[in-house]
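Q: Residue numbers (this note's numbering): 21 to 282. Each residue gets a CB set at the ideal place from its N, CA and C atoms; glycine is no exception. Have a look at this one before I ask anything.
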Amino acid sequence: MLSANARREEIYHLAVTTGLASVEELSARFEVTASTIRRDLALLNGQGRLARTYGGAMALGAHPEASLRQRIGEAFEQKHAIARWAAAVIRPGENILLDAGSTVGALAHELRGFEKLTVTTPGINTLQELAESEGIEVDCLGGRLRSVSQSFVGPLAEASLERMSFDRVFLGADAVTAEDGICEADHAQTRLKELMARRGRQVYVLADSSKLGLRPFHAWARLALPWTLVTDDGADPAQVQKFREAGVAVEVAEVRVDGPTK
21 MLSANARREE IYHLAVTTGL ASVEELSARF EVTASTIRRD LALLNGQGRL ARTYGGAMAL
81 GAHPEASLRQ RIGEAFEQKH AIARWAAAVI RPGENILLDA GSTVGALAHE LRGFEKLTVT
141 TPGINTLQEL AESEGIEVDC LGGRLRSVSQ SFVGPLAEAS LERMSFDRVF LGADAVTAED
201 GICEADHAQT RLKELMARRG RQVYVLADSS KLGLRPFHAW ARLALPWTLV TDDGADPAQV
261 QKFREAGVAV EVAEVRVDGP TK
């Protein structure tokens, strides 16, 4: 019998080869219980190697999910330009929801000096940015931790959101298209994003120009209009036009030549 690590590698390669693997098929193939396979899939999903589906898992395609640590250093100036734009629309006394992720984490960094602000978030990096901000009341959406994204997802987080509403909701994205909305590597994240969007009076998707029009994964969060895409001035005008034609408001943040201060 294969070791646990060897079995997980076989599961991963099988999903990549076939595109989809069910718990029932994997249990029979490797002669282990369904609960063992579910634990294997949960571990592979947490590592960002497979996306969970109902009853199994599927390959993420040619673009493995990058960890939060990797993403923080990518498009740094663009993300902070977007964060500054977003921070400028927030008013004292508002109740806002911040998603997890590197761009929304940059927004949290911009908010550290705010007074009389209430922030709710499922993101560990957002919590860390705001933990010592005396003027900000911070609430955490708990649930199951996805280690690759450093965020909480799942039924507990979703149930908490059902009892909340927000002045503004700021969402991150692995990618975003005018046709289908936000693209993510994990269905639990897209479910949570859809629910977060429904709880806000105003909804913003913060996505740097490299993420526009891409479809790297198979999980999607569809957002009801109206919502606003905030991107940077490196965005392809044709992509920007697609969003506007779809009824999405688009705001373009100017990137400073010398970049933001880290």
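From what residue to what residue does the beta strand (DSSP E) around glutamate 271 run?
A: Here the beta strand (DSSP E) through glutamate 271 covers 269 to 273.
Q: Quick one: give me the first and last residue of the alpha helix (DSSP H) that tryptophan 247 is part of.
A: Note, tryptophan 247: premise wrong, no alpha helix (DSSP H); not H, not E.
Q: If you draw a straight line from the C-alpha of glutamine 67 to the C-alpha of arginine 104, how long is it?
A: Their Cα atoms are separated by approximately 31 Å.
Q: I'd like the list of long-range same chain contacts for leucine 34, defined as Cβ closer than 6 Å, with 5 residues on each side in sequence excluded.
A: Here the set comprises Ala41.
Q: So what does DSSP say about aspartate 60, is it helix, strand or coil?
A: Here aspartate 60 sits in helix by DSSP.
Q: Excluding the 5 residues preceding and the 5 following arginine 235 in the sequence, name in chain order all residues of the same chain whose CB lies nearer than 7 Å to its CB.
A: Correct list, in chain order: Ala195, Thr197, Cys203.
Q: What does the alpha-carbon distance come out to for the pair leucine 153 and proline 142?
A: Checking the sequence shown, residue 153 turns out to be serine, not leucine. Using only the alpha carbons, I get a separation of about 17 Å.
Q: If you measure between the beta carbons of leucine 363 and phenylalanine 190, is that distance less than 9 Å?
A: No answer is possible for residue 363: it lies beyond the span of the chain, which begins at 21 and ends at 282.
Q: Which of helix, strand or coil does DSSP assign to proline 112?
A: Three-state result, proline 112: coil.
Q: Here's the rule I'm using: 16 or more other beta-carbon atoms within 10 Å means buried, otherwise exposed. How should glycine 113 be labelled?
A: Glycine 113 comes out exposed.
Q: Could you tell me if serine 23 is buried or exposed, where buried requires 16 or more neighbouring beta carbons within 10 angstroms of its beta carbon?
A: Exposed, since its Cβ has fewer than 16 Cβ neighbours within 10 Å.
Q: Leaving out five residues before and five after alanine 177 in sequence, what residues of the same chain have Cβ atoms less than 7 Å from its Cβ?
A: So the list reads Pro142, Leu161, Gly162, Gly163, Leu212, once near-sequence residues are dropped.
Q: Let me check understanding here. Comparing Cα to Cα, which of Ala258, Gln261, Thr251, Arg264 lies closest to phenylalanine 96?
A: It is Thr251.
Q: Quick check on the burial criterion: 16 or more other C-beta atoms within 10 angstroms. Buried or exposed for asparagine 25?
A: Asparagine 25 is exposed by the Cβ-count criterion.
Q: Per DSSP, alanine 241 is paired with what?
A: Ile202, per the DSSP bridge assignment.
Q: Would you grab the beta carbon distance between alanine 239 and glutamine 209 for me? Rounded to a whole angstrom, and I think it's under 8 Å.
A: Between glutamine 209 and alanine 239 the Cβ distance is about 7 Å, and since that is below 8 Å, they are a contact.
Q: For arginine 44 and leucine 61, I'd like the C-alpha separation in whole angstroms.
A: Checking the sequence, you will find glutamate at residue 44 rather than arginine. Going from the Cα of glutamate 44 to the Cα of leucine 61 covers about 12 Å.
Q: Helix, strand or coil: how does DSSP classify valine 260 here?
A: Helix.
Q: What residues in its chain sit with their C-beta under 6 Å from that of glutamine 222, if we drop five residues either side in the sequence?
A: Once the five neighbours on either side are set aside, the close Cβ partners of glutamine 222 are Arg188.
Q: Applying the 10 Å Cβ sphere with the 16-neighbour rule, what's the burial state of alanine 227?
A: Buried, because 16 or more other Cβ atoms sit within 10 Å of the Cβ of alanine 227.
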